[in-house]
Structures are given as structure tokens and as C-alpha cells.
Amino acid sequence: MREFDYRRAHDVPGALALLDAEPEARFLGGGTNLVDLMKTGVERPARLVDVRDLPLDRVESTSDGGLRIGATVTNSDLAAHPEVRRRYPALTQAVLAGASGQLRNMATVGGNLLQRTRCGYFADITKPCNKRVPGSGCPAIEGEHHNHAVLGASEHCVATHPSDMGVALAAFDAVVSYETPDGPGTLPFADFYLPVGDTPHRETALPPGALITGVTLPPTPVAARSRYRKVRERASYAFAIGSIAAALDVQGGVVHDVRLAFGAVASRPWRARTAERVLIGATADAETFAAAADAELAAARPLPHNAYKVTLMRNLVVAELTRLTEEAAR
874 MREFDYRRAH DVPGALALLD AEPEARFLGG GTNLVDLMKT GVERPARLVD
924 VRDLPLDRVE STSDGGLRIG ATVTNSDLAA HPEVRRRYPA LTQAVLAGAS
974 GQLRNMATVG GNLLQRTRCG YFADITKPCN KRVPGSGCPA IEGEHHNHAV
1024 LGASEHCVAT HPSDMGVALA AFDAVVSYET PDGPGTLPFA DFYLPVGDTP
1074 HRETALPPGA LITGVTLPPT PVAARSRYRK VRERASYAFA IGSIAAALDV
1124 QGGVVHDVRL AFGAVASRPW RARTAERVLI GATADAETFA AAADAELAAA
1174 RPLPHNAYKV TLMRNLVVAE LTRLTEEAAR
């Protein structure tokens, strides 16, 4: 590893100042992704600014009935919080599916949003990778890509985003708050991650030097009837090959409200808005659910070895919406 400076911040202005003073600095939360990338040489910060002592470790109700989640809340504390479990059960399920217990105890909400892809070419500094070295190429397109993107990719990058938590946040219209030396700002989750395009190395819309301070979930009544399901290649701790966050409100056999987001199929958590539009006002049955999935997945552009993801996601949509419909009828 490259030798680096380590500083611990105790307030937000201090953290921003420490980062601003060193162009090659990085904020450090739990370090469960960043430190691994430092070991392999992918990340080579000259300074780490530890933000775990910042007063951003609470989950609080907002005045309109939503929730505000501080950036340094650990994944374990987020999953266990009674209001998260009650109002947004898919978020709890997503976090619990996301890692081992030891990692959840360290990983933070802000760090989870900024974790990098687990594409093997990105992690191997001996290989070209447009995300790591812009303009060097994307060997995954012709190489190993069975767990890569089928939606929203480009000829410059086909990597997927690894977050489980992010899929649930996408489904529930989360808003990311941040601070910069010029003041605070917010980003709707739909705009937080940038499309791949021809700049896959630019992953988020955060301004340079920004510190994530929290995530706000708006009041979303349908979220109380939600589920998260993750499919992986082994039952133990592993990244998804496909996942879904689904929330459904059925009244009189008709879909009154719905939220859908997919994971492990794109460079960012994928909000399935086309499928949602098909579902609203339609009969809540397997045929409708399949038609909605097909409408969303019509945009898929799979590579030779990952076309299975299209079938997988179609089946997940039908299975989870059917389960939610049956639960609502009990």
C-alpha cells in the first residue's frame, strides 16, 4: 500500500477542510470497500479523513412522516431500527442481505452509496478498465461478463453497481444530502448516480469535495408493504446476480400504487419506472406482472453470457409482486 496520512474529523467543517487541504484525500467511513481497494492499488489516497466521529449517526423521523438517516449510521443499526423495519421493510431486508454481520457492523450508509463495482477487471490494476483508467478499454465486453449489466450499459463499461441498500433507496425516492465548502446541497436518488455513457469513471453527481451527510426517505405509505429479494450464486455472503425491491398496494384487485427497483443489472440501482406505469390501474395478477416486467426489460441489451439475467428479473418481478398480492389478501 502507498503510505498515507490519517486524520480524524470531529465536525463537518473540519472534515471538509482536511479534505480540501489535500487533493488526493478520501473520506473514510467503515473502510469496508475503500481499504480493500487501497490494498490492491486501485485507490491510492494521500490522506484518509476519518468521519466516523461526526454527529451523523442517528435515524430520525421528519416532520412530514419520513425518515432521515445520518451518513455514519452503520448498516447494522439501520437494519435494526424499529421505524425502518416498520415503514420500509424492504430497506431492512436489503441491508441484511448485503454483507456479513461483521461488515454490517463497520459499513456506513454514506460509504455504501459510494462503494465501487466488484468487476474483476476494475479490481485488477494489470488489466485495462475505463472506470479506473479512462480510455483504456473495457475487456469485460469480450471477456468475463456473466454478472455484468444488461440495462443502461455502454460500449465503454458494462460493470454493475454492487449495493443492495441502494436498490431499496431507489424504489422509495430517497434524497441524498451533502455538504461542501460552499454550503449544503441535495440530490434526488434518481439523479445521484450518473449514466455510464462515455465517462464511466464519473460515477455520481456529487460536487468535488462533497461529504454525504445523510439520506432522507419521504413518507411513502406503500413502502410498508414491501419486500427485497436477492439472488446470488451461493446462499452465503455474496454479491447479487439479480435483485429486486418491490412495494405494492392492491385495492379491489387493482394495483393502486407500486414501487419497483432492480439491482445487479446496471451501473446504478435501476428504478423500473416503465414497469410501474404498466402496473398502475391494472389488474393485480401474474399476467399483468409479467407484461410489466417485459415492458421494462425490453430495453435490455445482454452480452453473450449474461442474457439469463433478463429471464431472472422477469421471474423475480412476477414472484415478488404475486407474493405481495397474496400477503395483502390475508
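In our numbering, the protein residues as written are 874 to 1203.
Virtual Cβ for every residue (Gly too), placed ideally from N, Cα, C.
From a predicted model like this one, the values you see are computed outputs, not experimental measurements.
Residue i in three-state terms, based on DSSP
i: R1122; result: In the sequence on display, residue 1122 carries Asp and not Arg. In the structure shown, D1122 sits in a strand (DSSP, three-state: E or B).
i: T1077; result: strand
i: A1111; result: coil
i: D923; result: strand
i: A1159; result: helix
i: E1106; result: coil
i: G1010; result: coil
i: E1028; result: coil
i: T1059; result: strand
i: T1198; result: helix
i: V1049; result: strand
i: V1023; result: coil
i: R1098; result: helix
i: G1070; result: coil
i: G1016; result: coil
i: D1064; result: helix
i: D893; result: helix
i: G1082; result: coil
i: L1090; result: strand
Whether residue i touches residue j by CB criterion (7 Å)
i: V1131; j: E1149; result: yes
i: A1168; j: V1151; result: yes
i: S1140; j: H1029; result: no
i: E1052; j: I1117; result: no
i: T905; j: L951; result: no
i: P1081; j: L889; result: no
i: T935; j: R941; result: yes
i: V922; j: A894; result: no
i: R931; j: G939; result: no
i: V1123; j: A1044; result: no
i: G1103; j: A1113; result: For the sequence presented, residue 1103 should be read as Lys rather than Gly. Yes, these two residues count as a Cβ contact at 7 Å.
i: L1197; j: L1121; result: yes
i: R1187; j: A1166; result: yes
i: P1061; j: D937; result: no
i: R958; j: T965; result: yes
i: G1008; j: P1001; result: no
i: R880; j: R917; result: no
Nearest-angstrom Cβ-Cβ length linking residue i and residue j, presumed shorter than 8 Å
i: R1144; j: A1119; result: Their Cβ separation, rounded to whole angstroms, is 12 Å, which puts R1144 and A1119 out of contact at 8 Å.
i: L901; j: V915; result: No, L901 and V915 are not in contact; Cβ-Cβ is about 15 Å, not under 8 Å.
i: N1003; j: H1074; result: 7 Å
i: D1037; j: V968; result: 7 Å
i: Y1066; j: S973; result: About 25 Å; that fails the 8 Å criterion.
i: D884; j: A919; result: Contact doesn't hold; Cβ gap of about 22 Å is too wide.
i: V1040; j: A1134; result: 5 Å
i: A963; j: G903; result: The Cβ separation is near 22 Å, so there is no contact.
i: I1085; j: L986; result: 6 Å
i: L929; j: G1087; result: 6 Å
i: H1018; j: V1031; result: 6 Å
i: L1189; j: G1070; result: That belief does not hold up - the Cβ atoms of L1189 and G1070 are roughly 27 Å apart, past 8 Å.
i: L1204; j: A882; result: Nothing can be reported for residue 1204: it is not among the residues displayed for the chain, which extend from 874 to 1203.
(message) Please give the ranges of any beta strand (DSSP E) in the stretch 899–981, keeping only runs that are unbroken, at least 3 residues long and fully inside the region.
(response) 920–923, 932–934 and 940–943
(request) Kindly provide the ranges of any beta strand (DSSP E) runs that are 3 or more residues long and lie completely inside the stretch 1124–1190, ordered along the chain. (result) 1127–1136
(request) Determine contact between the stretch 1175–1192 and the stretch 1015–1027, defined as no fewer than three beta-carbon pairs at a distance below 8 Å. (result) yes
(message) For the pair the stretch 991–1000 and the stretch 1155–1170, tell me if three or more CB-CB distances fall below 8 Å.
(response) no
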